[in-house]
Amino acid sequence: MQISRSGVKLLLLLIALCPDQLVLGSVVQMQSAEQEEEMGSGRPAILIIGAGISGIGAADKLCQNGFHNVRILEATGRTGGRIWTQKFAKGLAEVGAQWIHGPSPHNPVFELASHHNLLQPEVLLEENQKIDVKNHPPGIPVIYSSSGKKMSPDVFMNVLSMYMEWLEKATNFTKENCRSDASVGSFLREEIIHSSREWDKTMVSSYMAFLKGIINVETCISGTHSMDHIALCSYGEYTTLPGLDCTFPRGYESLVNEIKQNLRNDTVILNKAVNRIRWNGSFMDSDANVYHVEVQCADGDTFLADHVIVTVPLGFLKKRAEYFFSPSLPASKLHAIKSLGFGTNNKILLELEEPFWEPNTSFIQLIWEGTSPLAEPEKDLQKNWMKKLAGFVVLETSQQLGHVLCGFISGEESEYMETLSDEEVLSTMTTLLRQFTGIPNLPPPISMMRSKWHSHPYTAGSYSNVAVGSSGIDIDNLALPLPENKDAAKPLQVLFAGEATERNFYSTTHGALMSGRREAQRLIDRYPHTVAAVTKAKL
Ligand code: 6YU
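Numbering-wise, our numbering comes out as the position in the sequence shown, counting from 1, plus 221.
This is the structure we're talking about:
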């Protein structure tokens, strides 16, 4: 279809009334910023790559501020990204994000979820919003050891409180008082060695095994293979929000679905994997409109835009950044992508016919006797991968799910687990549960579901961390828009959002949502006329 230049004004008027973008052949043309500004409507063509909560959140904010020429290109066949609810057992279970970490007024996920009535009433109680669990499983764990004994948590209470103090201490380092190669793991080891000199000799081996188990939990929280990979100097920059972590009774995806309601039906284009983003160019459509960015997709489609917000996970960028952008990214960004961490934390969900745990148990901690955080890590993955399993969260029975345990496992052992068949994982889990409960004929789980985030082609891991060799500055560098030069003639061509771009809230859904809104705001500030028009229209 060819459109004459004289028809453009009429066409733009039609688009203003019916703001669908034009599709001409395989090139999807969006209105150019200059043309829009000439028309005084201030509506640039904006593409968002990725329909996770950062992408959906950015689109929502843009649309609410009068930007209607917004499209999201999503590689997979679903929205939500690492928010992924699936049917399991007698209800719903989360493959990715599970909790709102810190549900309190400064958490935008909590704000949205409560606004849309997605949470249980007790979550909204003021006293719940004041509790600070610092991302750790709340409550006292029920502890089972590898010799099949259930152990009293009282035995470990003093070690647990020492551990929490060490972690708190680890958050007080800054680059002024710590070596840049120091890790949280090495710091914890020093504290353990120092403190263990005072321990009752008969308890040393149990305490060490307990601490090894707790550190396995910590690697899941930080999304890393080992705490030796986590930079000590930046550890305190991650900010926890107050509030007793909570879940979504209708699934985490209910939040994504609510945000999507505000978007036009055709905003999200699924199964549209982006292969390459060409920026700093002059790309012309058949009406001689010029755009600075061209987005090439795996299926051959090409999209032209004034601004692109990239929200793909850091894991994907680690694999593809060099080819993904043309011209290639500046050195500071490539350094950030390479040096920041993006580790694996997987779930193994098990449905049991009958619970072996007491009612009101929230977390089952596993202790492998004879292990120690001071010993060299086990090398033989085939034989030892299951020893990295941090424990099981007992999923809430209030959700009528049945009797479901959610195991968490991080790092290389988790990535190895992804390579095994369901039968192998199920059989290992059955053996493990029998060994730890001391019930040799415990029936095997009736069903199992597990995540495979490392092998996911568009995620390649679970979430980001600040690894040794990187710092919060890398997160800020990753978040900077392109071109870098603020005075460039064509500013804000490629913007970056996604959890890994939020210096204080990386690795979380609220960090991701904040990042999407942050980049939307950057564009809103660039087009004050659009906002002014919307405000006027609302009055
Ligand atoms: C939280 C929690 N949580 C467990 C597990 C995981 C994560 N998180 P997305 O990936 O969502 O979207 C990008 C899209 O881009 C995606 O759809 C892709 O398909 C698409 N894409 C990629 N390439 C493309 C291409 N080429 N073309 C087109 N599209 C493309 N967060 O708040 N509570 O309980 C958990 C958990 C197993 C895997 C989590 C949790 C992390 C969040 O899920 C995640 O940050 C956001 O969903 C990301 O959204 P997004 O939009 O940025 O990307 C001190 C210190 C410690 C630091 N850590 C403490 C926090 C611990 C985090 N909690 C973890 C715990 C669990 C259980």
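Beta carbons: idealized from backbone N, C-alpha and C, even for Gly.
Residue span of the beta strand (DSSP E) that contains residue i, given as start and end
i      : result
Gln586 : 584-588
Phe761 : Within the shown structure, residues of the chain are numbered from 222 to 760, placing residue 761 beyond reach of any answer.
Val516 : 514-518
Ala430 : From DSSP, Ala430 is part of no beta strand (DSSP E) but of the alpha helix (DSSP H) over 425-443.
Arg671 : 668-671
Gly312 : 312-315
Arg497 : 495-499
His675 : Looking at the DSSP string, His675 is not in any beta strand (DSSP E), and its letter there is neither H nor E.
Ile364 : 363-366
Option nearest residue i by Cα separation, candidates the options
i      : options                        : result
Ile763 : Gly287, Arg292, Met448, Phe545 : Because residue 763 is not part of the residues shown, which for the chain are 222 to 760, the question remains open.
Leu555 : Lys540, Thr565, Lys568         : Lys540
Pro702 : His677, Trp674, Pro678, Leu744 : Leu744
Leu538 : Leu699, Asp520, Lys600         : Leu699
Leu346 : Cys518, Cys467, Gln621         : Cys467
Glu397 : Leu453, Leu283, Leu333         : Leu453
Asn496 : Arg739, Trp589, Ala296         : Ala296
Asp506 : Gly444, Phe524, Ala519, Asn492 : Phe524
Gln319 : Ile442, Gln350, Arg418, Ser275 : Ile442
Ser401 : Ser547, Ser560, Glu419         : Ser560
Gly298 : Ala310, Ala509, Gly273         : Gly273
Val646 : Pro664, Gly732, Ser382, Met670 : Met670
Tyr323 : Glu412, Leu573, Thr460         : The question names Tyr, yet the displayed sequence has Gly at residue 323. The option with the nearest alpha carbon to Gly323 is Thr460.
Ala710 : Thr730, Trp420, Gly502, Thr722 : Gly502
Gly690 : Val405, Lys308, Trp674         : Val405
Pro548 : Leu570, Gly562, Val516, Leu571 : Val516
Anticipated Cβ contact below 8 Å, residue i with residue j, distance rounded
i      : j      : result
Glu634 : Leu602 : 6 Å
Ala718 : Thr532 : 5 Å
Thr658 : Lys433 : Actually they do not touch by this definition, with Cβ atoms about 20 Å apart.
Ile519 : Ala494 : The question names Ile, but residue 519 is Ala in the sequence shown. Right, the Cβ-Cβ distance comes to about 4 Å (below 8 Å), so this counts as a contact.
Ile352 : Gly464 : 7 Å
Cys627 : Leu641 : Not quite, the Cβ-Cβ distance comes to about 18 Å (not below 8 Å), so this is no contact.
Burial state of residue i, where buried means 16 or more other Cβ atoms lie within 10 Å
i      : result
Asn581 : exposed
Pro661 : exposed
Val514 : buried
Ser685 : buried
Ile414 : exposed
Ile498 : buried
Met638 : buried
Tyr544 : exposed
Asn393 : exposed
Leu491 : exposed
Ser736 : buried
Gln285 : exposed
Gln341 : exposed
His650 : Sequence check: residue 650 is Met here, not His. Buried, since its Cβ has 16 or more Cβ neighbours within 10 Å.
Pro666 : buried
Ala279 : buried
Met448 : buried
Glu439 : buried
Ala310 : buried
Gln586 : buried
Thr652 : exposed
Lys422 : exposed
Gly369 : exposed
Arg264 : For Arg264, the predicted structure reports a pLDDT of 49, less than 50, and the residue's modelled location is therefore unreliable. A value from the coordinates is still provided. Classification of Arg264: buried, given that the 10 Å Cβ count is 16 or more.
Met378 : exposed
Range covered by the alpha helix (DSSP H) that runs through residue i
i      : result
Asp545 : With the sequence shown as reference, residue 545 is identified as Phe, and Asp is not the correct amino acid for it. Element bounds for Phe545: 535-545.
Ala266 : Where Ala266 is concerned, there is no enclosing alpha helix (DSSP H), given that its DSSP letter is neither H nor E.
Ser507 : Run containing Ser507: none; DSSP gives neither H nor E here.
Gly413 : With the sequence shown as reference, residue 413 is identified as Ile, and Gly is not the correct amino acid for it. Per DSSP, Ile413 belongs to the alpha helix (DSSP H) from 405-417.
Arg655 : 643-658
Ser335 : 329-336
Ala391 : 378-391
Ala296 : It is not in any alpha helix (DSSP H) - Ala296 carries neither H nor E in the DSSP assignment.
Ala526 : Looking at the DSSP string, Ala526 is not in any alpha helix (DSSP H); the run it does join, the beta strand (DSSP E), is 523-526.
Asp281 : 274-285
Whole beta strand (DSSP E) runs in the segment 680-729 with 3 or more residues, listed along the chain? 684-686, 715-717
Runs of 4 residues minimum, wholly inside the segment 554-631: which ones carry the alpha helix (DSSP H) assignment? The qualifying runs are 602-605.
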